[in-house]
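Student: Take the sequence shown: its position 58, counting from 1, is numbered 62 in the working numbering, and each next residue is one higher.
Cβ coordinates follow ideal geometry from the N, Cα and C atoms, glycine included.
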Amino acid sequence: MSSDSVRQRAPHVPFLVPLLNPIAHRLLRIGIPMGPNALLTVRGRKTGQPHTTPVALVEVDGRRWVQSPFGEVNWVRNLRAAREATITINRRPESVDAVELSTAETARFFKEVLGPYVGRIPMGRWLLSLLGGGDILADPDAAAARHPVFELKSR
């Protein structure tokens with residue numbers, strides 16, 4: 005668990021996400037690239053059963069992160085509890101350890117890594133805003149309390 009006491013709630017998941025996630029999941033599962041998206045499989049904190057969801061994977065200088073534009077969603081709670089997952093890119097699964105960033109580290113990540121990263125992706129800033137993460141770029145310090153970030157490290 006993060007060294008921070010309690011994270012604030014982020015905006016709810018936009019209505020399009022539950023509609024599009026099953027499609028993205030199927031396309032990614034068969035190996036069709038979808039920008040920086042990958043499949044994250046993590047053991048459920050209550051059932052122990054694997055759960056898979058599409059996530060945006062940020063890769064910069066050999067390091068990888070996932071962040072939740074929707075705050076404390078199930079994959080975040082499961083990853084926080086399990087501290088390990090499988091990330092699948094182009095049908096290639098890889099076991100990873102997950103380390104949650106503190107609020108201060110998350111704010112630094114938003115400013116130094118994510119901001120420049122989405123700036124290089126066509127329509128990246130617009131997509132981040134559309135998916136509920138506009139506050140990440142507008143006020144990274146405040147957003148850090150609402151949007152958990154995990155660094156993924158190869159095992």
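So within the stretch 28-89, which uninterrupted alpha helix (DSSP H) runs reach at least 4 residues, ignoring any that extend past its ends?
Tutor: The qualifying runs are 78-86.
Student: Under 8 Å by Cβ, that's how I've got Glu-155 and Arg-67 pegged, so tell me the actual separation to the nearest angstrom.
Tutor: Their Cβ separation, rounded to whole angstroms, is 7 Å, which keeps Glu-155 and Arg-67 in contact under 8 Å.
Student: Tell me whether Trp-130 is buried or exposed, calling it buried when 16 or more other Cβ atoms sit within 10 Å of its Cβ.
Tutor: Exposed.
Student: Just reading off the alpha helix (DSSP H) that Glu-109 is part of, what are its end residues?
Tutor: Run containing Glu-109: 107-113, per the alpha helix (DSSP H) assignment.
Student: What's the gap between the Cα of Pro-40 and the Cα of Val-117?
Tutor: Taking the straight line from one Cα to the other gives about 14 Å.
Student: With burial defined as no fewer than 16 other Cβ atoms inside 10 Å of the residue's Cβ, what is the status of Ser-72: buried or exposed?
Tutor: So Ser-72 counts as buried.
Student: For the beta strand (DSSP E) holding Val-122, just list the boundary residues, first then last.
Tutor: That residue, Val-122, is in no beta strand (DSSP E); its alpha helix (DSSP H) goes 119-124.
Student: Decide if Ala-111 is buried, meaning its Cβ has at least 16 other Cβ atoms within 10 Å, or exposed.
Tutor: Buried: at least 16 other Cβ atoms inside 10 Å.
Student: Pull up the distance between the alpha-carbon of Asp-145 and that of Asp-139, whole angstroms please.
Tutor: So the alpha carbons of these two residues sit roughly 9 Å apart.
Student: In terms of alpha-carbon separation, which member of Ser-133, Lys-50 and Pro-120 lies closest to Arg-84?
Tutor: Here the closest residue by C-alpha is Lys-50.
Student: Buried or exposed: Pro-37, going by 16 or more other Cβ atoms within 10 Å of its Cβ?
Tutor: So Pro-37 ends up on the exposed side.
Student: Going by DSSP in three states, Arg-95 sits in which element: helix, strand or coil?
Tutor: It is coil, neither helix nor strand.
Student: Closest to Glu-98 by C-alpha separation, out of Leu-105, Arg-150 and Glu-88, would be which residue?
Tutor: For Glu-98, the nearest C-alpha among the options comes from Glu-88.
Student: In chain order, what residues of the same chain have a beta carbon less than 7 Å from the beta carbon of Val-64, not counting five sequence neighbours either side?
Tutor: Answer for Val-64: Val-117 and Tyr-121, listed in chain order.
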